[in-house]
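Numbers given in my numbering equal positions in the sequence shown, counted from 1, plus 98. Every residue, glycine too, gets a C-beta built ideally from N, C-alpha and C. Data first, discussion second: the structure below is written as structure tokens.
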Amino acid sequence: MIRLPSSHAAITAPLVASSTRFPGIPIGRSLLDGRPFHLSPVLTDDRVLPSTNSLALGGLGSGKSTTAKARARREILEHGHQYVVIDSFGEDNAGEWAPLVRALGGQVIEAGSFTLNPVSEMLPREVREQLVRSLIAAAEPRALTHQATHALQHALSHPKATSLNGLVDALVQPEDGRWPAAKLTEWGEGAAIALSRYTEGSLRGLFDGDTASLPDTDLPLISFDFSRLDRNSPAIPSLMAAVACWAEHVWLRQSTAIHRHLVLEEAWQILLSPATSELIQRLLKNSRKSGLSLDVVMHTLSDLGNGPAQDLARHCEVAHVGRLGPEEAAIVGALLNFPDWAIAKIPTLAPGQAVWKVGPDYVDIVQTVISADEAQLTDTSSRRRMAQQALAVDQDTAESAAPAVDSDDDQDDDLFAKTDPAGDDDGEWGWEMPPNVIDSRHLAAIEAAREGRCNEAANLAALGEREDITAHGINSIEAISWLSTRAKVAELCGNLDQAVRLRATVARMGNVEWFEQTASDSTSPQWHRGPQLTTPEPLTDDAPSVKPRRRTWPYLAAIAALALAAGGVWQNAQDDKQAQERQEKAAAYKGVSATELNIDGVETEARAKWSRDGQSVVLSVWVDWEEHPKLVRIDSGDQTAQEKTVPLEPGQIPMPIRLEVKVPVKDRHQAVQMTVAVGGPQWEEGSRAPRRTIEFRPDRTAIDTETGKPLRQRQVRLL
99 MIRLPSSHAA
109 ITAPLVASST
119 RFPGIPIGRS
129 LLDGRPFHLS
139 PVLTDDRVLP
149 STNSLALGGL
159 GSGKSTTAKA
169 RARREILEHG
179 HQYVVIDSFG
189 EDNAGEWAPL
199 VRALGGQVIE
209 AGSFTLNPVS
219 EMLPREVREQ
229 LVRSLIAAAE
239 PRALTHQATH
249 ALQHALSHPK
259 ATSLNGLVDA
269 LVQPEDGRWP
279 AAKLTEWGEG
289 AAIALSRYTE
299 GSLRGLFDGD
309 TASLPDTDLP
319 LISFDFSRLD
329 RNSPAIPSLM
339 AAVACWAEHV
349 WLRQSTAIHR
359 HLVLEEAWQI
369 LLSPATSELI
379 QRLLKNSRKS
389 GLSLDVVMHT
399 LSDLGNGPAQ
409 DLARHCEVAH
419 VGRLGPEEAA
429 IVGALLNFPD
439 WAIAKIPTLA
449 PGQAVWKVGP
459 DYVDIVQTVI
469 SADEAQLTDT
479 SSRRRMAQQA
489 LAVDQDTAES
499 AAPAVDSDDD
509 QDDDLFAKTD
519 PAGDDDGEWG
529 WEMPPNVIDS
539 RHLAAIEAAR
549 EGRCNEAANL
559 AALGEREDIT
569 AHGINSIEAI
579 SWLSTRAKVA
589 ELCGNLDQAV
599 RLRATVARMG
609 NVEWFEQTAS
619 DSTSPQWHRG
629 PQLTTPEPLT
639 DDAPSVKPRR
649 RTWPYLAAIA
659 ALALAAGGVW
669 QNAQDDKQAQ
679 ERQEKAAAYK
689 GVSATELNID
699 GVETEARAKW
709 SRDGQSVVLS
719 VWVDWEEHPK
729 LVRIDSGDQT
739 AQEKTVPLEP
749 GQIPMPIRLE
759 VKVPVKDRHQ
769 AVQMTVAVGG
779 PQWEEGSRAP
789 RRTIEFRPDR
799 TAIDTETGKP
809 LRQRQVRLL
């Protein structure tokens, strides 16, 4: 057992948090230890995560919106959640959520194409008053005085106040009440002028209808598209106030989904408005009781100022922060209580990477992983990408048109150009080094792993590491180098998570390129290189010359040596070919294969996942209840699982069908077959159900055994 001093253990301290695992949909992979990162806040124990609200921050191109859309798609498909999105920005006068909404069978509601009557009788009286006050505050913030509030309350009780036009008439021409009509007219003048912007001014057509044309509450995804409006227009907070009231008093009460999400894109302009911040704060505080998650997506916290709007961020138990500037990273870290190492990492994050904080303690750096289908549905930079592609084409054209120039100076520069033999930054060698160049102990461990002798390789690496720790110290480059060798051994043996963790440790220690470091004395050899060959001293003229005797046996020995060498070359070529095949096989290993099948008119998703020890494979199938299957069955070897559906009882929530079996295999590279039988809506009891037999391979491929054709791989609900 190797003991680590406190200075060395502190380097790997961020990896400790990654031992926590959360249930839910796959998000991506941790960059600290390589483990898959899953999260569905609603499925996490409320003792760990009291609130299910989330906050996403990041600069342009950081990937925050892509992550939000990928999460929404997976929650809808895998768990049946429902989403309402306030989408206020996109390309070509269309919201950026529109492609995803249409792909999932949702509805895009463009501003101006729907009418939400703020004084509709379907809303409670107190909600009507609050909504109208929000509209007034958005248009004319100073119009709501105490007298104007009383005049508005008096007008709302008038029989005409069944639409916004009728309410304005009741404010302009009130009837006598506790106060005379003349005084009520004077008090309500400012409120009537503010509301007239919605009935006669630039905001007409949004709230002045006689009826409320509301969307259905059973759609998986609804997007309110405000992208065509001026981003500084009071219509956006006004519409947001209306949508918030609809969501709270209509959608949440009528929806039958097990959980709901309200997504606020570009939330700064919504949270800054006094007309809507109070409504959002109420939704945040009551979210757990209402079965609602509020998902806020925005650029920076500085957009919210220093007022109450910024305090709303503290109600979000889940935060993922993409790339920000150093100053903004410090502000976010202080408000959300990030550790120092995470704050320092935020300005260096690449697109799709984010620092995640879940609950009070868990902090990780996660790379969002999306499929090809999700990439098309979540792309928010198509114009920028088209410009980059056009520029690349222009550059290629210019380079191809430029005449070739032969110059001795250029050749000299190429001869002495500095090259990077590593090839990448993972601390490994990019090519095979001969034993006289690299430490043979490292080579022996790696070769043992390539030949499948994993236990021997691990023991060799552990022994070499222990020897170098004893000889050079635990913080020496000799000792650290074994971390990279152990990572290579783990990768060749299929332990990908362990390999990533080891490389992450090397990277965090700042010794990614340890193999290129030299001693302070430039004349001393690098530690990983063998002894330098001594140059023989030249003979002087004074040395006596000795005439060698002619012998015939050296020629015979040379001929024999050439014969042995030829045989050795052939044998080495065979060994190299086998080693290359093993290496290619190990590199292609993914340990999972998933595809989608259509059997008897039913969309069916099937998957095979190999265990880490390579001794078994879990075969599984997933069928949505909405496909109306009557029978689902899977067979592999002597393992069988099946399920027949029965009609739902009143009030029972439909659940998808999930079946799985576990079959043994000889090694991690063995392919497995599974037969999937499905009886569709027209299948009758007693008849043979249609079926298909699929061969799954661990290099993420699947073959239809009947046709021999490969099946398309995809990230399905089972992953």
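Asked: Close beta carbons around TRP723, own chain, < 6 angstroms, minus the five adjacent residues each side; Found: PRO752, PRO754
Asked: Short Cβ contact (9 angstroms threshold) for ALA92 with PRO788; Found: Limits of the chain in this structure are 99 at one end and 817 at the other, which puts residue 92 out of reach.
Asked: Cβ pair ALA556, ARG599 closer than 9 angstroms; Found: no
Asked: For TYR460, the residue or residues it bridges with in DSSP; Found: VAL456
Asked: Exposed unless 16 or more other CB atoms sit within 10 angstroms - verdict on ILE708; Found: Looking at the sequence shown, residue 708 is not Ile but Trp. Classification of TRP708: buried, given that the 10 Å Cβ count is 16 or more.
Asked: Length of the line joining the Cα atoms of ALA340 and ALA440; Found: 38 angstroms
Asked: Span of the alpha helix (DSSP H), counted from its first residue to its last, around VAL230; Found: 223 to 237
Asked: Rounded C-alpha distance that separates SER538 from GLN713; Found: 32 angstroms
Asked: Stretch pair the segment 411 to 420 + the segment 437 to 457: three plus CB contacts closer than 8 angstroms; Found: yes
Asked: Alpha helix (DSSP H) segment containing GLU173, residue limits; Found: 162 to 177
Asked: Helix, strand or coil at ILE544 [DSSP, three-state]; Found: helix
Asked: VAL206 beta carbon less than 9 angstroms from that of ALA259; Found: no
Asked: Per-residue DSSP class, three states only, for LEU262; Found: helix
Asked: Which residues DSSP lists as bridging ASP185, in chain order; Found: ASP323
Asked: Best match in GLY122, LYS387, ILE544, TRP195 for proximity to ILE184 [C-alpha to C-alpha]; Found: TRP195
Asked: Sequence-distant residues of the same chain with beta carbon closer than 8 angstroms to ILE739, five excluded per side; Found: Just to set this straight, residue 739 is Ala in the shown sequence, not Ile. Here the set comprises ARG731, ILE732, LEU757, GLU758, VAL759.
Asked: MET772 - partner residues in DSSP beta bridges; Found: ILE792
Asked: Whether ALA236 touches ALA289 by CB criterion (9 angstroms); Found: no
Asked: Under 9 angstroms between C-beta atoms of GLN771 and SER691; Found: no
Asked: Cut-off 6 angstroms between Cβ atoms - residues of its own chain near HIS540, not counting five sequence neighbours on either side; Found: THR583
Asked: Length of the line joining the Cα atoms of GLY863 and ARG133; Found: With the chain covering 99 to 817 only, the question about residue 863 has no answer from this structure.
Asked: For GLN750: DSSP bridge partner residues; Found: In DSSP, GLN750 forms no bridge with anything.
Asked: CA nearest to the CA of SER388, picked from LEU410, TRP349, THR243; Found: TRP349
Asked: Under 9 angstroms between C-beta atoms of GLU741 and TRP720; Found: no
Asked: Separation of HIS248 from ALA143, as counted between CA atoms; Found: Before going on, a small fix: residue 143 reads as Asp here, not Ala. Taking the straight line joining both Cα atoms gives about 46 angstroms.
Asked: Residue from PRO335, LYS728, ALA280 with nearest C-alpha to LEU301; Found: PRO335
Asked: Distance, GLY178 Cα to GLY784 Cα; Found: 32 angstroms
Asked: Top-ranked residue by Cα proximity to THR354, from LEU390, MET338, ASN384; Found: LEU390
Asked: Proximity test, Cβ basis, 9 angstroms: ASP566 and chain D; Found: Chain labels in this structure do not include chain D; a single protein chain is all it has.
Asked: Member of ARG705, LYS688, ALA686, GLY689 whose CA lies at the smallest distance from the CA of LEU695; Found: ARG705
Asked: Segment contact flag, the segment 164 to 177 with the segment 280 to 297, C-beta cutoff 8 angstroms, min 3 pairs; Found: no
Asked: Other residues of its chain near PRO313: CB distance less than 8 angstroms, five sequence neighbours each side excluded; Found: GLN205, ILE207, PHE212, ILE320
Asked: Contact under 9 angstroms by Cβ, ASN684 with GLU589; Found: Contrary to the premise, residue 684 reads as Ala rather than Asn in this sequence. Yes, these two residues count as a Cβ contact at 9 angstroms.
Asked: CB-CB length for VAL700 against GLU682, believed under 8 angstroms; Found: No, VAL700 and GLU682 are not in contact; Cβ-Cβ is about 37 angstroms, not under 8 angstroms.
Asked: One or two residues paired with GLU425 in a DSSP bridge; Found: Looking at the DSSP assignment, GLU425 forms no beta bridge with any residue, so it has no partner.
Asked: Separation of ALA602 from ALA560, as counted between CA atoms; Found: 18 angstroms
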